[in-house]
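Mapping of the sequence shown onto my numbering: position 459 corresponds to residue 483, and the numbering continues sequentially without gaps. All residues carry an ideal CB built from backbone N, CA and C; glycine is no exception. Some notes on the structure that comes next.
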Amino acid sequence: MLLNEKKFFKRFTFVLTITFLLSVLHNTSYSDDAFLLRCMKIAESRDPKLRVTFEQVQLAKSRTIRAARAFFPQIMLQHTNSKGTTALASNSQGLFDGKEYNSESYGIKATQAIYEGYRTRGTYKYESMMVAAAKFNYTKTREELSSKIKLAYYEYLTLKLEYKTLGKAYEIVDKLFLKVKNEYKAKAISELDMFEAENFKDKISDMYFAARINLDFSIKKLINIVGVTDISDINAQASDELSDDVAEISFTLRDLLSFVLTNNLDVQTAKIQSEMADMKIKINRSKIIPKFYVDGFYGKGGEAFTTEPLELAANWSVLGRLSWSLWGNSFEAAYSKEATDPSSIVDASKRVDTTTYDFKLALLDDVGYFVDVKESNVGFNQANADYVEILKTRRLETEKAYNDYLNSLSNARTLKKEIVLRERKLVLMRKRNALYEVPTVNLMEEAWKYAEAISSYARATYQNHSSVTEMERLLLIPLR
Numbered sequence: 025m026l027l028n029e030k031k032f033f034k035r036f037t038f039v040l041t042i043t044f045l046l047s048v049l050h051n052t053s054y055s056d057d058a059f060l061l062r063c064m065k066i067a068e069s070r071d072p073k074l075r076v077t078f079e080q081v082q083l084a085k086s087r088t089i090r091a092a093r094a095f096f097p098q099i100m101l102q103h104t105n106s107k108g109t110t111a112l113a114s115n116s117q118g119l120f121d122g123k124e125y126n127s128e129s130y131g132i133k134a135t136q137a138i139y140e141g142y143r144t145r146g147t148y149k150y151e152s153m154m155v156a157a158a159k160f161n162y163t164k165t166r167e168e169l170s171s172k173i174k175l176a177y178y179e180y181l182t183l184k185l186e187y188k189t190l191g192k193a194y195e196i197v198d199k200l201f202l203k204v205k206n207e208y209k210a211k212a213i214s215e216l217d218m219f220e221a222e223n224f225k226d227k228i229s230d231m232y233f234a235a236r237i238n239l240d241f242s243i244k245k246l247i248n249i250v251g252v253t254d255i256s257d258i259n260a261q262a263s264d265e266l267s268d269d270v271a272e273i274s275f276t277l278r279d280l281l282s283f284v285l286t287n288n289l290d291v292q293t294a295k296i297q298s299e300m301a302d303m304k305i306k307i308n309r310s311k312i313i314p315k316f317y318v319d320g321f322y323g324k325g326g327e328a329f330t331t332e333p334l335e336l337a338a339n340w341s342v343l344g345r346l347s348w349s350l351w352g353n354s355f356e357a358a359y360s361k362e363a364t365d366p367s368s369i370v371d372a373s374k375r376v377d378t379t380t381y382d383f384k385l386a387l388l389d390d391v392g393y394f395v396d397v398k399e400s401n402v403g404f405n406q407a408n409a410d411y412v413e414i415l416k417t418r419r420l421e422t423e424k425a426y427n428d429y430l431n432s433l434s435n436a437r438t439l440k441k442e443i444v445l446r447e448r449k450l451v452l453m454r455k456r457n458a459l460y461e462v463p464t465v466n467l468m469e470e471a472w473k474y475a476e477a478i479s480s481y482a483r484a485t486y487q488n489h490s491s492v493t494e495m496e497r498l499l500l501i502p503l504r
């Protein structure tokens with residue numbers, strides 16, 4: 025009997041030590057974890073939000089190309105062909121005869137903005153900032169997805185280990201409870217001891233049942249984030265335990281807070297949006313700066329009666345236009361010059377050289393200028409306020425994650441020492457129980473405390489991993 029008890033408690037200590045304790049030698053880097061990498065790959069290929077943010081980047085690039093198009097002239101190939109009838113005086117009595125004629129012209133027409141203040145360049149810069157903001161948003165979405173997968177995976181490993189170890193503990197405590205029942209039948213212990221032993225058995229049973237529920241839910245959460253219907257669809261082998269790599273990170277809190285300003289995507293996006301709002305102000309202000317445009321045409325054209333051969337003559341035209349927004353009013357002036365080489369035409373009075381001046385002043389047709397200016401100023405102030413608020417919030421989040429990291433680090437180290445202590449105590453109590461110096465119910469209590477300490481240690485390790493993951497998401501740098 026004594027030999028069987030020694031084997032039993034030897035097996036008990038071995039199972040708890042191997043299963044509960046996270047091996048110190050296990051320092052797996054999750055950048056090499058095939059299961060985690062597979063989860064990332066599947067999730068990135070199926071996540072609709074990530075796909076939309078990628079499309080937003082492509083759209084922003086297209087808008088930039090469209091804005092850059094304004095730097096180059098607009099060129100149009102033009103061809104006109106017409107037929108008609110003209111009225112000619114046939115005699116002195118004022119009678120007219122109709123006569124058919126043909127008309128044709130073709131050439132190249134071009135329009136180029138010579139100076140538009142800051143509008144063209146500002147619009148291009150604004151759209152370029154949109155590309156940067158879209159890229160930040162894409163990277164942020166990708167990092168958030170990666171962070172969710174990591175946290176779900178770490179939780180799954182923690183609960184998987186907890187369920188496995190509690191199952192072993194339940195089997196052992198259940199056997200101890202049978203021994204207690206035999207002792208109670210033999211009148212070796214009191215009824216109170218029997219109730220206490222039953223209470224320890226129920227506690228382990230409740231923990232084991234809760235671990236099963238939590239593990240099932242963690243699997244559902246993981247496959248939901250990855251975007252598969254079953255964990256087997258990931259087609260990779262998951263690790264059996266969570267790494268107990270709880271080494272200290274090489275950065276101080278002051279370093280981490282300084283990284284928020286330069287690395288955090290929300291802060292960078294808010295900064296870009298502030299610069300975009302400032303660019304809108306510059307673009308709106310450029311409306312009160314005179315703008316110059318040039319239109320030109322060069323080609324050939326002419327017209328003749330159908331009874332005569334149609335001969336085309338070279339002709340060209342140049343139009344210079346100035347527009348100016350005068351604080352709610354708009355002024356426009358144009359100068360045009362047209363010239364055509366003389367040719368045989370139906371009307372001898374046709375003009376071959378024309379110069380035209382055109383001036384227009386529209387009153388209060390641009391009242392929207394004041395609204396645009398006010399709107400851009402309000403938008404700039406709002407963007408700056410958002411930037412300051414986001415910077416404060418992300419610094420607080422970073423500090424909280426750092427505090428959680430410190431607390432979990434300290435807690436994990438303390439629990440690790442407690443596990444070693446309780447392991448030694450179990451070995452000693454096993455020997456004393458074999459000599460009937462320690463009641464079996466006390467041994468059950470110690471086994472329950474040992475299992476509870478291991479469960480707490482696993483969760484402290486998970487908290488440490490999750491806090492580091494959160495800081496890496498906020499700062500975009502590997503911390504260990």
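What number of angstroms, rounded off, separates the C-alpha of residue i from the C-alpha of residue j?
i, j, result
"K287", "S274", "The question names Lys, but residue 287 in the sequence shown is Asn. Cα to Cα, the separation comes out at about 17 Å."
"A482", "Y208", "35 Å"
"A407", "S152", "18 Å"
"T330", "S310", "53 Å"
"T253", "I213", "53 Å"
"Q297", "G191", "54 Å"
"A509", "E469", "Here the chain has residues from 25 to 504 only, and residue 509 is not among them."
"V204", "I501", "55 Å"
"W472", "N457", "16 Å"
"I312", "G344", "19 Å"
"Y187", "L467", "22 Å"
"L277", "E421", "12 Å"
"L445", "L439", "10 Å"
"E356", "N401", "27 Å"
"N51", "A409", "Because N51 carries a pLDDT of 37, less than 50, the predicted location of this residue cannot be relied on, and the following value inherits that uncertainty. Cα-Cα distance, rounded: 44 Å."
"P97", "K133", "10 Å"
"E327", "T379", "22 Å"
"E461", "L281", "57 Å"
"L450", "A475", "11 Å"
"K398", "Y411", "20 Å"
"L430", "S170", "23 Å"
"R419", "E68", "28 Å"
"I89", "Y381", "36 Å"
"T464", "E442", "21 Å"
"M231", "I414", "41 Å"
Taking all protein chains shown into account, do 16 or more other C-beta atoms lie within 10 angstroms of the C-beta of residue i, making it buried, or fewer, making it exposed?
i, result
"L459", "exposed"
"N223", "exposed"
"I369", "Annotation note: pLDDT 44 at I369 (below 50); position unreliable, coordinate value reported separately. Result: buried."
"H489", "buried"
"M100", "exposed"
"Q292", "buried"
"L49", "Note that L49 scores a pLDDT of 29, beneath 50, so its modelled location is shaky; the value from the coordinates is reported in the next line. That one is exposed."
"D57", "buried"
"P333", "exposed"
"F219", "exposed"
"S53", "Confidence is the limiting factor: at S53 the pLDDT is only 41, short of 50, which leaves the residue's position unreliable and the question unanswerable from this model."
"A210", "exposed"
"F321", "buried"
Just to confirm the assignment, what range does the alpha helix (DSSP H) spanning residue i have?
i, result
"N408", "G392 to A458"
"S480", "T464 to L499"
"S530", "The chain is shown from 25 up to 504; residue 530 falls before or after that span and cannot be answered."
"K245", "E215 to V250"
"Q261", "Neither: Q261 is in no alpha helix (DSSP H) and is coded neither H nor E."
"I312", "Where I312 is concerned, there is no enclosing alpha helix (DSSP H), given that its DSSP letter is neither H nor E."
"I89", "P72 to A92"
"F96", "Counting along the chain, F96 falls outside any alpha helix (DSSP H), and DSSP gives it neither H nor E."
"T189", "R143 to K209"
"V284", "L277 to N287"
What are the boundary residues of the beta strand (DSSP E) that includes residue i?
i, result
"E327", "K315 to F329"
Would you kindly check if the distance between the Cβ of residue j and the Cβ of residue i is under 8 Å?
i, j, result
"G325", "S86", "no"
"S347", "S354", "yes"
"A176", "I258", "no"
"K306", "Y142", "yes"
"A158", "A94", "no"
"G323", "G131", "yes"
"D23", "T104", "What is shown of the chain runs 25 to 504, which leaves residue 23 out entirely."
"V284", "L498", "yes"
"F59", "S242", "no"
Give a yes or no on whether 8 Å exceeds the smallest Cβ distance from residue i to chain D.
i, result
"E496", "Absence of chain D from the displayed structure is noted, only one protein chain being present."
Practice problem: Evaluate contact between the segment 483-499 and the segment 424-431, counting only Cβ atoms and requiring at least three cross-stretch pairs below 8 Å. | Solution: yes
Practice problem: Report yes or no: do three or more beta-carbon pairs, one from the segment 292-306 and one from the segment 431-451, lie closer than 8 Å? | Solution: no
Quiz item: Looking at C-beta atoms only, is the number of pairs between the segment 179-196 and the segment 224-240 that lie closer than 8 Å three or more?
Solution: Touching, yes, given that three or more Cβ pairs across the two stretches are closer than 8 Å.
Self-check item: At least three beta-carbon pairs within less than 8 Å, the segment 151-169 to the segment 56-75
Solution: yes
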